[in-house]
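Accompanying notes for the structure given below.
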Amino acid sequence: MSVLTSLTIAQAREKLQKKEITSAELTDAYLGAIMAANQTLNAYVAVTADIAQEGARRSDEKLAKGEGGALEGIPLGIKDLFGTEDVHTQACSHILDGFKPRYESTVTANLWADGAVMLGKLNMDEFAMGSSNETSYYGAVTNPWRAKNDDKPLVPGGSSGGSATAVAAHLCAGATATDTGGSIRQPAAFTGTVGIKPTYGRCSRWGVVAFASSLDQAGPITRDVRDAAIMLKSMASVDPKDTTSVDLPVPNYEAAIGQSVKGMKIGIPKEYRMEGMSAEIEALWDKGIAWLKDAGAEIVEISLPHTHYALPAYYIVAPAEASSNLARYDGVRYGLRVPGRDITDMYEKTRAAGFGAEVKRRIMIGTYVLSSGYYDAYYLRAQKVRTLIKRDFENVFHAGVDAILTPATPSAAFGINDQEMAADPVKMYLNDIFTVTVNMAGLPGIAVPAGLDSNGLPLGLQLIGKPFDEETLFRAGHVIEQAAGRFQPDHWW
Amino acid sequence: MSVDLATVKRVARLARIAVTDEEAVKMEGELNTILGFVDQLNEVDVSGVEPMTSVMPMDMKKRPDIVTDGGKAADIVANAPATEENYFLVPKVVE
């Protein structure tokens, strides 16, 4: 890894402003790193070298004049879920073959307006449905982390597996990602990177391929907490094109970094101490509690009684919304078309060929739970349970808790092509057990690397905050980062 | 609740996904695993609980009912597999 690609966003920003480096040099260093690594790691599904170099040239002109935005000249990777004008946007699905939108998503438009440079589109689980990045039409992504004395390839988590791998392996300075049930935080935890899912409504969903509209939120994956604050500030906005975008000004998140957590009340939910929880995860959690306590926070045990029901409720709500959102892929307006003897046959053949197994499974579940006679028993009940899950959090915050500390994932990264997970879809779903409650309640959550397990693989902790109080998460997340240190994989690829 | 093979095929038809008999058998097992998992929700007392309809409490945003965009026919059909003069082409629907 070259020196240039090892810079964080904050470090590169400073060197660019001081004219110690140029964006062209930085961008070329990343393009070189991608060329050397991508065949092994498969993080990028499209590299936009020309756009990157042209963007870097424009940024250098601005920087030379002492102008430029908050991310001027910083090279970023973009998850394939974000619509990017005239550039590969396929949600890593076969059904969107060849799709190049004629529009730009609001989040990416915000990044370009602030001067960021696009390196390319990042691999992900097909339509963001997965926890291992193995459902991608473009193949699995390999985690840059490997266990000690073991060459077995590991998954980077999912669905933002390409984003997490690209950030951890220094194939971009930072990456956009999205999170519907844990798709930012779980891959961040599996790769030793930082990932924040902001409050529902903070980042516009406009121009982002929809999976489950009431759960989807965009956020960054970065190397450290400060970089996450810098990127989120640029990604977030109030957008009239998304009716769920909330009319609140975007704060300067970076100002929260370094602020004390003295007197802050951190809740430890007893329901997250699950049966069969690994001793390593439990020890990591205890370490996190001790770090925050040492920094002056008050630790309180709390109860979130409906935690256990978040995952089953999610597997009704998310597939139901997905089955509706994915109805648009019918071979008429974009992407793949498989000819049929009539229009219905064409629809059915196109969708059979275009969607992968996991996507089909979720469309089927969603169609079933919304079908006549089952709506009340499944969907309506799940939405009521969701109200109860949200109420659990509201009660705790009302009682004075500022943030909640939990593990990010039940384990470290697992192997590619894990047979147990392949045999039982529910086993794969359990990856999101600690993260999914946050989406169900619309809250912000951050995953911060907190240590390595006995095999030398990264583990993360999660902080959950009040609606639109991302600043507290950056504050407390930074305290954890300071105590835990940062983690980087050995360069073997 | 669980699904049988006939239900799997009916749902696949509703979802407009062609499935072979072999795939339907495989799906039947997988869907029943998932439905078995979500069945735990029946343990929750939801009497008197309102279903969530808005993630963040907010009034629905409205905008004036005026034309703000348009004239983009070429953009709209740009990605279609088959078009003619800014129309999407599909197999014959009406005889």
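Just so you know, the protein sequences line up as chains A and B, in that order. In this text, residue positions in the first sequence follow my numbering: the first is 2, and each later residue adds one. In this text, residue positions in the second sequence follow my numbering: the first is 29, and each later residue adds one. Note that CB positions come from ideal geometry on N, CA and C, so glycine has one too.
Run of the beta strand (DSSP E) containing residue i, from where it starts to where it stops
i	result
residue 52 of chain B	Residue 52 of chain B -> not in any beta strand (DSSP E); alpha helix (DSSP H) instead, spanning 49-66.
residue 185 of chain A	Looking at the DSSP string, residue 185 of chain A is not in any beta strand (DSSP E), and its letter there is neither H nor E.
residue 76 of chain A	76-80
residue 180 of chain A	175-180
residue 119 of chain A	118-123
residue 53 of chain A	First-last for residue 53 of chain A: 50-65, but that is the alpha helix (DSSP H), not the beta strand (DSSP E).
residue 45 of chain B	From DSSP, residue 45 of chain B is part of no beta strand (DSSP E); its letter is neither H nor E.
residue 223 of chain A	218-223
residue 451 of chain A	446-453
residue 466 of chain A	459-466
residue 270 of chain A	266-270
Within chain A, the residues that residue i reaches when beta carbons sit closer than 7 Å
i	result
residue 37 of chain B	Within chain A, no residue comes near residue 37 of chain B; the closest Cβ sits about 11 Å away, beyond 7 Å.
residue 106 of chain B	103
residue 74 of chain B	382, 385 and 386
residue 119 of chain B	341, 343, 344 and 347
residue 144 of chain B	Residue 144 of chain B lies beyond the stretch modelled for chain B, which goes from 29 to 123, so this question has no answer here.
Range covered by the alpha helix (DSSP H) that runs through residue i
i	result
residue 430 of chain A	426-430
residue 198 of chain A	No alpha helix (DSSP H) contains residue 198 of chain A, which is instead part of the beta strand (DSSP E) from 195-198.
residue 169 of chain A	162-169
residue 483 of chain A	471-485
residue 234 of chain A	226-236
residue 349 of chain A	344-355
residue 283 of chain A	280-295
residue 105 of chain B	101-105
residue 112 of chain A	107-114
Beta-carbon neighbours of residue i, restricted to chain B and to distances below 8 Å
i	result
residue 372 of chain A	39 and 42
residue 381 of chain A	79
residue 201 of chain A	83 and 84
residue 389 of chain A	72, 74 and 77
residue 497 of chain A	Chain A is shown from 2 up to 494; residue 497 of chain A falls before or after that span and cannot be answered.
Whole-Å CB distance - residue i paired with residue j, under 8 Å assumed
i	j	result
residue 484 of chain A	residue 292 of chain A	4 Å
residue 367 of chain A	residue 209 of chain A	That belief does not hold up - the Cβ atoms of residue 367 of chain A and residue 209 of chain A are roughly 19 Å apart, past 8 Å.
residue 429 of chain A	residue 133 of chain A	7 Å
residue 86 of chain A	residue 105 of chain A	5 Å
residue 196 of chain A	residue 188 of chain A	7 Å
residue 452 of chain A	residue 436 of chain A	Their Cβ separation, rounded to whole angstroms, is 18 Å, which puts residue 452 of chain A and residue 436 of chain A out of contact at 8 Å.
residue 58 of chain B	residue 426 of chain A	6 Å
residue 359 of chain A	residue 136 of chain A	4 Å
residue 308 of chain A	residue 250 of chain A	About 33 Å; that fails the 8 Å criterion.
residue 158 of chain A	residue 190 of chain A	7 Å
Partner residues on chain B for residue i, Cβ-Cβ distance less than 9 Å
i	result
residue 317 of chain A	66 and 69
residue 334 of chain A	104, 105, 107, 108, 109 and 116
residue 138 of chain A	Residues of chain B passing the Cβ test: none, with the nearest at roughly 16 Å.
residue 131 of chain A	What residue 131 of chain A touches in chain B: nothing, since even the nearest Cβ is about 14 Å away.
Where residue i meets chain B, residues with beta-carbon distance less than 7 Å
i	result
residue 352 of chain A	44 and 45
residue 361 of chain A	45
residue 314 of chain A	69
residue 100 of chain A	107
residue 324 of chain A	43
residue 247 of chain A	84 and 86
residue 366 of chain A	59 and 62
residue 215 of chain A	83
residue 310 of chain A	68, 69 and 72
Neighbouring residues, chain A, relative to residue i (Cβ below 8 Å)
i	result
residue 94 of chain B	By Cβ distance, chain A contributes nothing, its closest Cβ being about 13 Å from residue 94 of chain B, past 8 Å.
residue 50 of chain B	Per Cβ cutoff of 8 Å: no residues; residue 50 of chain B is ~13 Å from chain A at best.
residue 58 of chain B	362 and 426
residue 31 of chain B	369
residue 53 of chain B	Neighbours of residue 53 of chain B on chain A: none; closest Cβ ~13 Å, over 8 Å.
Neighbouring residues, chain A, relative to residue i (Cβ below 9 Å)
i	result
residue 122 of chain B	Those do not exist, as residue 122 of chain B stays about 10 Å from chain A at its closest Cβ, beyond 9 Å.
Quiz item: Does the stretch 71-91 of chain A come close enough to the stretch 171-184 of chain A to have 3 or more Cβ pairs within less than 8 Å?
Solution: Short answer: they touch.
Self-check item: Inter-stretch contact at 8 Å, needing at least 3 Cβ pairs: the stretch 388-403 of chain A / the stretch 297-316 of chain A
Solution: yes
Quiz item: Is the stretch 96-109 of chain A close to the stretch 330-346 of chain A, with three or more CB pairs under 8 Å?
Solution: The stretch 96-109 of chain A makes contact with the stretch 330-346 of chain A: 3 or more CB pairs, one atom from each, lie closer than 8 Å.
Quiz prompt | Uninterrupted alpha helix (DSSP H) stretches inside the stretch 11-44 of chain A (no shorter than 4 residues) | solution = 24-42
Practice problem: Examine the Cβ distances between the stretch 31-42 of chain B and the stretch 466-474 of chain A and report whether three or more of them are shorter than 8 Å. | Solution: no
Practice problem: Please confirm if the stretch 115-131 of chain A is in contact with the stretch 338-350 of chain A, defined as three or more CB-CB distances below 8 Å between the two stretches. | Solution: no
Exercise. Tell me, please, whether the stretch 349-368 of chain A touches the stretch 145-159 of chain A by the rule of three or more beta-carbon pairs shorter than 8 Å.
Key: No: the two stretches stay apart, fewer than three of their Cβ pairs being nearer than 8 Å.
Quiz item: Is the stretch 227-239 of chain A in contact with the stretch 66-82 of chain B, if contact means three or more CB pairs nearer than 8 Å?
Solution: no
Quiz item: Can you list the beta strand (DSSP E) stretches of 3 or more residues lying completely in the stretch 363-436 of chain A, in chain order?
Solution: 404-408
Exercise. Count the CB pairs spanning the stretch 278-297 of chain A and the stretch 245-254 of chain A that are closer than 8 Å, and state whether there are at least three.
Key: no
Practice problem: Evaluate contact between the stretch 83-96 of chain B and the stretch 400-411 of chain A, counting only Cβ atoms and requiring at least three cross-stretch pairs below 8 Å. | Solution: no
Quiz prompt | Meets three-Cβ-pair contact criterion under 8 Å: the stretch 358-375 of chain A and the stretch 307-324 of chain A | solution = These segments touch.
Quiz item: Just checking, does the stretch 260-280 of chain A make contact with the stretch 35-43 of chain A on the three C-beta pairs under 8 Å criterion?
Solution: Fewer than three beta-carbon pairs drawn from the stretch 260-280 of chain A and the stretch 35-43 of chain A are found closer than 8 Å, and the two stretches are therefore not classed as touching.
Quiz item: Is there contact here, the stretch 202-216 of chain A with the stretch 472-484 of chain A, by at least three beta-carbon pairs under 8 Å?
Solution: no
Self-check item: Entirely enclosed alpha helix (DSSP H) segments - the stretch 303-332 of chain A, minimum 4 residues
Solution: Positions of the alpha helix (DSSP H) runs, each at least 4 residues long and wholly inside the stretch 303-332 of chain A, are given as 311-326 in order along the chain.
Practice problem: Mind the definition here: the stretch 3-17 of chain A touches the stretch 137-147 of chain A only if three or more C-beta pairs lie below 8 Å; say whether that holds. | Solution: no
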